[in-house]
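Below: the structure, in structure tokens.
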Amino acid sequence: MSVSPDSATAVRPVADAGRETLLSVRGLRVAVADGTEVVHGVDLDLPRGSAVGLVGESGSGKTLTCRAILGLLPAGVEVTGGEITLRDTELTALPAAERARLRGTHLAAVFQDPASYLNPSITVGAQLAEVLRVKVGLARRAARQRAVELLRAMGLRHPEHVYAQYPFELSGGMLQRVLIAMSITADPELLIADEATTALDVTVQAEVLELLTELRRERGLTLVVVSHDLAVIAQLCDTVHVFRDGGVVETGPTRQVLRAPAHPYTRELIDNHERFGIDRVREQRSRR
Ligand SMILES: Nc1ncnc2c1ncn2[C@@H]1O[C@H](COP(=O)(O)OP(=O)(O)OP(=O)(O)O)[C@@H](O)[C@H]1O
Numbered sequence: 001m002s003v004s005p006d007s008a009t010a011v012r013p014v015a016d017a018g019r020e021t022l023l024s025v026r027g028l029r030v031a032v033a034d035g036t037e038v039v040h041g042v043d044l045d046l047p048r049g050s051a052v053g054l055v056g057e058s059g060s061g062k063t064l065t066c067r068a069i070l071g072l073l074p075a076g077v078e079v080t081g082g083e084i085t086l087r088d089t090e091l092t093a094l095p096a097a098e099r100a101r102l103r104g105t106h107l108a109a110v111f112q113d114p115a116s117y118l119n120p121s122i123t124v125g126a127q128l129a130e131v132l133r134v135k136v137g138l139a140r141r142a143a144r145q146r147a148v149e150l151l152r153a154m155g156l157r158h159p160e161h162v163y164a165q166y167p168f169e170l171s172g173g174m175l176q177r178v179l180i181a182m183s184i185t186a187d188p189e190l191l192i193a194d195e196a197t198t199a200l201d202v203t204v205q206a207e208v209l210e211l212l213t214e215l216r217r218e219r220g221l222t223l224v225v226v227s228h229d230l231a232v233i234a235q236l237c238d239t240v241h242v243f244r245d246g247g248v249v250e251t252g253p254t255r256q257v258l259r260a261p262a263h264p265y266t267r268e269l270i271d272n273h274e275r276f277g278i279d280r281v282r283e284q285r286s287r288r
């Protein structure tokens, strides 16, 4: 374990270091339109089938790191250094069309505010079936059938009924399940959940987290979970990376990092969280 007291990164060996690496990020740098660098050399390793959490205060670079992996950076924001490797393929050098092909087929994501990713005037089933036609190449009838199956697999009761509903007719938790269904249509290997449960109430959040855990177990999905909520990270993730000011200050097994943080900033995050229910974090960790 190499742990330095203040500004240096605290890195602890992770339990699943022996597993095949699905995706690795090395020295990732991202700059915004005026040239300001906002991600300063981030390293991440995602072993196949693992669940990796990214925590840190607002603006610390978690989302841009994820968007760089997806090849979905906002206009004017660019990768200026480093490598993102999916097995043997270096992604940053690929043409945009190839990046788009990989999204959905190999890499997928769900974000906060699912309603904004759906067309309000088309039923959710028709939108899901359309994704199945485009990404998987299913014919109309097969796509409809598969869409209903997927809605059922997402834990939605009466999936035929849900299929025919418009986004405004569904709750936030139901919409997020529909978005998760859409994101996994083509059986991706990696799913990034960026604050995907933040807007949901606690009970619904727990159900969606359970769904993600099941998808990981049943499909061998690798998860990247971005959350402000340490309890969410504690529940889902084997490994955690603590972001601060565009860099990673601490990395290690979630349990160890949350129980005995090595970096002062991680300690501060946990102390702040304590006031809002760190007991939930500790309870969940001790149940594992
Ligand atoms: N489109 C953009 N144009 C300019 N600056 C941006 C843009 N998107 C993000 N930034 C800046 O980049 C930095 C990193 O942002 P990022 O969204 O990755 O942080 P974050 O850790 O995900 O925060 P949050 O938890 O609030 O989503 C911040 O300083 C942010 O203001």
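Just so we're aligned, residue 1 is where the sequence shown starts under UniProt numbering, counting upward by one.
C-beta: ideal position from N, C-alpha, C; glycine also.
What is the rounded straight-line gap between the Cα of E169 and the Cα of A115? Residue numbering aside, residue 169 sits at position 169 when the sequence shown is read from its first letter. Residue numbering aside, residue 115 sits at position 115 when the sequence shown is read from its first letter. A direct Cα-to-Cα measurement between E169 and A115 gives close to 11 Å.
Which one of S58, E57 and V79 has the shortest CA to CA distance from R67? Numbered from its first residue, the sequence shown carries residue 67 at position 67. Minimum Cα distance to R67 is reached at V79.
Rounded to whole angstroms, what is the Cα-Cα separation between A142 and L132? To locate residue 142, count along the sequence shown from 1; it is residue 142. To locate residue 132, count along the sequence shown from 1; it is residue 132. Their backbone Cα atoms lie some 9 Å apart in a straight line.
Pick out whichever of S50, L209 and D194 has its Cα sitting closest to the Cα of V226. By one-based count along the sequence shown, residue 226 stands at place 226. Among S50, L209 and D194, the Cα nearest to that of V226 belongs to D194.
On the criterion of 16 or more Cβ atoms from any shown chain inside 10 Å, does E218 qualify as buried, or is it exposed? What you label residue 218 is simply residue 218 of the sequence shown in a count that begins at 1. Of the other Cβ atoms in all chains shown, fewer than 16 fall within 10 Å of the Cβ of E218; this residue is therefore exposed.
Shorter than 7 Å, the distance from the beta carbon of H228 to the closest heavy atom of ligand 3, or not? This structure simply doesn't include ligand 3; it includes ligand 1 instead.
Can you check whether the CB of L269 is closer than 8 Å to the CB of V242? Translated into the one-based positions of the sequence shown, residue 242 becomes position 242. Translated into the one-based positions of the sequence shown, residue 269 becomes position 269. Yes. Within cutoff.
CB-CB under 8 Å to G81, same chain, minus the five flanking residues each way: which ones, in chain order? Walking along the sequence shown from the start, residue 81 turns up at place 81. Correct list, in chain order: G27, L28, R29 and G41.
Work out the CA separation of A126 and V148 for me, nearest whole Å. As a working note, residue 148 is residue 148 in the sequence shown. As a working note, residue 126 is residue 126 in the sequence shown. A direct Cα-to-Cα measurement between V148 and A126 gives close to 10 Å.
I270 by DSSP, collapsed to three states: which one? Here residue 270 refers to the residue found at position 270 when the sequence shown is read from its first residue. DSSP places I270 in helix when its eight states are reduced to three.
If you count every other CB in all the chains shown that lies within 10 Å of the CB of I122, and 16 or more means buried, which is it? Along the sequence shown, read from residue 1 onward, the residue named residue 122 stands at position 122. Counting every other CB atom within 10 Å of its CB across the protein chains shown gives I122 a total below 16, marking it as exposed.
G172 (DSSP reduced to helix, strand or coil): Counted from its first residue, the sequence shown places residue 172 at position 172. In this structure, G172 counts as helix in the three-state DSSP scheme.
Just the C-alpha distance for V39 and H161, rounded to the nearest angstrom, thanks. One-based indexing of the sequence shown puts residue 39 at position 39. One-based indexing of the sequence shown puts residue 161 at position 161. When rounded, the distance between both Cα atoms is 44 Å.
What separation, rounded to the nearest whole angstrom, lies between the Cα atoms of L150 and P264? Stepping through the sequence shown from its first residue, residue 150 is reached at position 150. Stepping through the sequence shown from its first residue, residue 264 is reached at position 264. One C-alpha to the other measures close to 44 Å.
How long is the line joining the alpha carbons of M174 and A181, rounded to whole angstroms? Numbered from 1 along the sequence shown, position 174 holds the residue referred to as residue 174. Numbered from 1 along the sequence shown, position 181 holds the residue referred to as residue 181. Near 11 Å, if we compare the C-alpha coordinates of A181 and M174.
Under the three-state reduction of DSSP, which class applies to E218: helix, strand or coil? Start at 1 with the first residue of the sequence shown, and residue 218 comes out as number 218. It is helical.
If I measure Cβ to Cβ from R200 and keep anything under 6 Å in the same chain, skipping five residues before and after, which residues do I get? Position 200 of the sequence shown, counted from the first residue, corresponds to residue 200. First, the amino acid is wrong: residue 200 is Leu here, not Arg. In its chain, beyond the 5 residues on either side, G172 and G173 have a beta carbon closer than 6 Å to the beta carbon of L200.
Local Cβ density within 10 Å of P261, reported as buried at 16 or more and exposed below that: For this step, residue 261 is matched to residue 261 along the sequence shown. Under this definition P261 is a buried residue.
Name, in chain order, the residues that DSSP records as bridge partners for D247. Residue numbering aside, residue 247 sits at position 247 when the sequence shown is read from its first letter. In the sequence under discussion, the amino acid at residue 247 is Gly, which differs from the Asp named in the question. In the DSSP assignment, G247 is bridged to R244.
Does the pairing of the region 252-259 with the region 71-78 give three or more beta-carbon distances under 8 Å? Touching, no, given that fewer than three Cβ pairs across the two stretches are closer than 8 Å.
Return the CA-CA distance between G59 and V136, expressed in angstroms with no decimal places. Sequence index remark: in the sequence shown, residue 59 carries index 59 (1-based). Sequence index remark: in the sequence shown, residue 136 carries index 136 (1-based). A straight line joining the alpha-carbon of G59 with that of V136 spans about 36 Å.
How should A10 be labelled, buried or exposed, when 16 other C-beta atoms within 10 angstroms of its C-beta is the threshold for buried? The residue labelled residue 10 in the question sits at position 10 within the sequence shown. Buried, because 16 or more other Cβ atoms sit within 10 Å of the Cβ of A10.
Quick check on the burial criterion: 16 or more other C-beta atoms within 10 angstroms. Buried or exposed for V257? What you label residue 257 is simply residue 257 of the sequence shown in a count that begins at 1. V257 sits buried, since 16 or more C-beta atoms from the chains shown fall within 10 Å of its C-beta.
Close Cβ partners of N119 (< 8 Å) along its chain, the five nearest in sequence each way excluded: Walking along the sequence shown from the start, residue 119 turns up at place 119. Answer for N119: Q127 and P167, listed in chain order.
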